[in-house]
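Taken in order, these protein sequences are the chains called E and A.
Each residue of the first sequence is one higher than the one before, counting from 19 in the numbering used here.
Each residue of the second sequence is one higher than the one before, counting from 42 in the numbering used here.
One structure is given here, and the rest of the page talks about it.
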Amino acid sequence: MSGLLYLAWRHARAHAGRSLLLILCIALALWVPLTAGVLAKRYNRDLRTRAESTPLLVGAPGNRYDLTLAALYYRPSERIETITYRSLENLQDEGRAVCIPLHQRFTARGYPVVATSVEYAEFRDLRLAAGADPLRIGTCTLGADVAEELDLGPGDYLYSDPTELYDIARPPALKMRVAGVYAPTSSPDDGAVFCDVRTAWVLEGIAHGHENADEIDEELVLTKTDDSVSISGALIEYAEVTEANEASFHYHGDTSLLPLTAVLAVPHSAKDATLLKSGVNARMPLQAVTPSSVIDDLLGVVFKVKAFFDLVGVFLIITTAALVALVFLLSSRLRTAEMRTLDRIGAPKSASRTLIGIEVLGTLAVAVLISLAATAATLRLLPDLVASF
Amino acid sequence: MRDMTFRRQDSGTDAAPFELHVKDLSLSAGETVACIGPSGAGKTTLVHLFAGILTPDSGEVTLAGQRLDQLGERERRAQRASRVGLVFQEFELLDYLSALDNMLLPIRLGRGDLAAARGRAHELAETLGVKGLLRRVPQRLSQGERQRVAIARALIASPALVLCDEPTGNLDPKTADSVLDLLLAQSRERDAALLMVTHDHSLLDRFDRVIDVRELGPAKEPTP
């Protein structure tokens with residue numbers, strides 16, 4: 019047997035080009051469905067895990083997929099309507115759930131800015147790798163990937179992306195101080211910038227900070243009464259929240275009308291979840307969705323498409339196997355003289371078949387190993403699909 | 042080989058079956074025997090019967106005291122690998138193996154000591170004048186060099202019998218002469234019996250004995 023192994027090895031080496039081509043063809047035919055299958059499985063698992071860990075989402079009526087994908091995976095969507103902070107207060111008043119605000123309409127250097135409260139970090143089990151949670155207005159805490167990719171850490175600064183570069187009515191980019199960095203979680207949280215919901219309202223331009231109206235240049239005061247002051251747009255607002263100017267940040271108007279994109283509700287019990295969901299959907303101008311149901315619906319469609327690609331993969335493997343069989347069949351015919359020689363000089367009767375068998379199995383084994391290695395490398399090199407969903 | 046009969050009917054033809062009869066043919070150790078006869082007379086068949094590639098329909102074929110005709114397929118192959126060296130007209134070297142690996146082929150396919158065989162291969166290569174060519178594949182060897190490698194392969198297992206089927210048929214006269222010299226010398230030196238099929242009658246004087254395959258059968262009754 020070792021002699022035949024040696025012959026198979028020498029034959030493969032002597033015909034390295036052919037052997038390599040065969041191996042690569044088989045490896046490719048295996049790699050495509052294998053990688054797709056593993057990715058789909060992982061994708062399915064990650065999506066479901068995050069959805070199942072999120073009991074209830076409340077947002078503006080509209081597309082429930084947009085609401086869920088934005089709130090769970092930070093997928094940007096222009097179509098999400100905002101709800102008011104009062105909605106959150108109303109939900110809280112029902113006493114059936116812990117309600118966590120979510121505001122997600124901005125980005126900082128391309129990463130989604132998730133404005134929320136400190137309960138969110140507890141709920142998602144976000145542990146600090148360095149620094150602190152973004153408790154103060156104007157500060158942010160970075161997901162692990164953001165910190166690594168931007169090479170930022172506590173004490174550094176990160177600018178928000180201005181929404182309208184040429185609209186001077188819109189607030190400029192906010193210079194946010196990095197308060198901390200969360201440990202990796204292998205979830206969309208790794209690719210997000212977290213800040214307090216008040217910081218989002220600064221980004222919206224609803225909250226702002228500037229010099230005290232009593233101390234500014236009189237030329238900038240347009241009108242002044244006992245209870246209000248109208249100031250010229252020429253007054254420059256602060257583009258950074260510092261300890262010195264933090265107290266000057268304020269809102270105009272009713273704070274209960276400040277916008278949120280969603281409320282993440284964590285009911286105290288299953289009964290509370292049911293009552294809260296039905297109550298919201300029946301009585302309030304809001305929609306409450308169970309993320310796991312939404313994702314199940316979504317994946318149902320996705321996996322119908324996957325089944326088709328699985329079939330394509332099976333055909334690809336069958337076609338490749340047929341071609342490989344043909345190659346070996348033709349090769350064995352070309353090697354008739356060699357097999358006759360082996361037979362004549364006293365090789366075992368099964369030597370010819372064993373030799374071809376070893377070559378087929380060797381080729382398959384190397385191809386399988388390469389496809390497994392390529393799949394592992396692909397999975398490692400590909401960005402986290404769920405995170406980039 | 043005694044009272045041996047071999048018959049073969051080619052399928053799909055109405056021609057009379059091919060028959061080979063051998064009343065008594067023995068080769069002693071170190072003896073060199075040339076086998077002649079016209080094409081189709083059974084020279085190659087005789088070689089294959091001695092090698093155990095073919096089995097007779099009746100009679101005895103004995104190799105070094107072992108009745109080949111009574112052995113099963115597996116044992117005959119094992120006998121062939123260890124006790125018979127074969128040299129063919131077309132050399133039949135494996136094109137993807139080096140000269141050294143071709144020489145070692147019977148050992149790799151059998152159960153011989155590879156390390157010891159490697160030493161023998163180097164000795165044989167030196168004797169046969171191909172020592173510097175051991176790493177070359179057959180395509181990079183001349184016809185004469187290929188046949189020398191084939192001879193080394195036949196002798197590597199120190200066989201009791203060396204069977205050659207027109208080994209000089211594809212060689213120019215000068216190379217054929219030197220290849221034959223080597224074959225005869227090596228067989229005698231190693232005490233191996235040599236049976237060589239040849240059409241080249243100019244070589245016959247150099248053998249201990251010459252047999253005509255047509256005369257191996259029982260004496261025919263004179264026709265009245």
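By construction, the Cβ of each residue, glycine as well, lies at the ideal position given by its N, Cα and C atoms.
Of E:S205, E:M194, E:L153, the smallest CA-CA separation from E:G161 is found for E:S205. For E:Y24, the three-state secondary structure derived from DSSP is helix. In the DSSP assignment, A:R152 falls outside any alpha helix (DSSP H), carrying neither H nor E.
Exclusion of the five residues before and after E:A139 leaves D151 as the residues of its chain whose Cβ lies within less than 6 Å of its Cβ. It is roughly 30 Å from the alpha-carbon of E:A30 to the alpha-carbon of A:R117. Along the length of the stretch 47-110 of chain E, whole alpha helix (DSSP H) runs at least 4 residues long occupy 82-91, reported in chain order. Contact between E:P119 and E:L278 is confirmed by a C-beta separation of about 5 Å, below the 8 Å threshold.
Fewer than three pairs of CB atoms, one per stretch, sit closer than 8 Å, so the stretch 81-91 of chain E makes no contact with the stretch 46-57 of chain E. In this structure E:E356 is buried. Its beta-carbon is surrounded by 16 or more other beta-carbon atoms within 10 angstroms. In the three-state reduction of the DSSP assignment, A:D44 falls in the strand class, which pools E and B. Counting only residues of its own chain and dropping the five nearest sequence neighbours on each side, A:D44 has a CB closer than 6 Å to the CB of G100. When Cβ-Cβ separations below 8 Å define contact, A:I192 makes no contact with chain E.
Comparing alpha-carbon positions, the option among E:F346, E:R351, E:S370, E:A369 lying closest to E:L382 turns out to be E:F346.
Chain A places a beta carbon closer than 8 Å to that of E:I363, counting this residue as a contact. Contact annotation: in the stretch 80-100 of chain A, residues whose CB is within less than 8 Å of a CB in chain E are A92, I94. Around the beta carbon of A:G93, 16 or more other beta carbons lie within 10 angstroms, which makes this residue buried.
Taking a contact to require three or more Cβ pairs closer than 8 Å, the stretch 350-367 of chain E and the stretch 114-132 of chain E do not qualify as touching. Per DSSP, the unbroken alpha helix (DSSP H) holding E:S350 starts and ends at 309-352. Excluding its 5 nearest sequence neighbours in each direction, E:G80 has C-beta neighbours in its own chain below 8 Å: R97, I98, E99, Q305, listed in chain order. Within the same chain, T53, V56, L57, R60 come within 8 Å of E:L397 by CB-CB distance, once the 5 residues on both sides are set aside.
Taking a cut-off of 8 Å on C-beta distances, the stretch 131-148 of chain E touches the stretch 189-202 of chain E, as three or more cross pairs fall below it. Per the DSSP secondary-structure output, A:G126 pairs in a beta bridge with A:V203. Judged by DSSP secondary structure, A:S99 falls within the beta strand (DSSP E) whose first and last residues are 99-101.
Residues of the stretch 41-67 of chain E with a C-beta less than 9 Å from any C-beta of chain A: none at all.
At least one CB atom of chain E sits nearer than 8 Å to the CB of A:G151. Straight-line measurement puts the Cα of E:D163 at about 49 Å from the Cα of E:Y24. Residues of the same chain with a CB within less than 8 Å of the CB of E:A191, apart from the 5 flanking positions on each side, are Y177, S178, D179, P180, A257 in chain order. For A:Q50, the secondary structure class from DSSP, reduced to helix, strand or coil, is coil.
Taking 8 Å as the Cβ-Cβ cut-off, the stretch 98-130 of chain A approaches chain E at E114, R115, R118, A119, Q120, R121, A122, S123, V125, L127, F129, given in chain order.
Selection A:S243, A:G173, A:R124 evaluated against A:Q107 yields A:R124 as nearest (Cα-Cα). By DSSP's assignment, A:E60 forms a beta bridge with A:R48. Excluding five sequence positions before and after A:Q227, the CB atoms of its chain that fall closer than 6 Å to its own CB belong to L196, given in chain order. Inter-residue distance for A:L68 and A:A234 is about 6 Å (C-alpha atoms, whole angstroms). Taken through DSSP and simplified to helix, strand or coil, E:Y200 comes out as strand. Along the stretch 136-164 of chain A, going in chain order, the ones with a CB nearer than 7 Å to a CB of chain E are Y137, L138, D142, L146, P147, R149, L150, G151. The DSSP assignment places complete alpha helix (DSSP H) segments of no fewer than 4 residues inside the stretch 105-160 of chain E at 136-141, in order along the chain.
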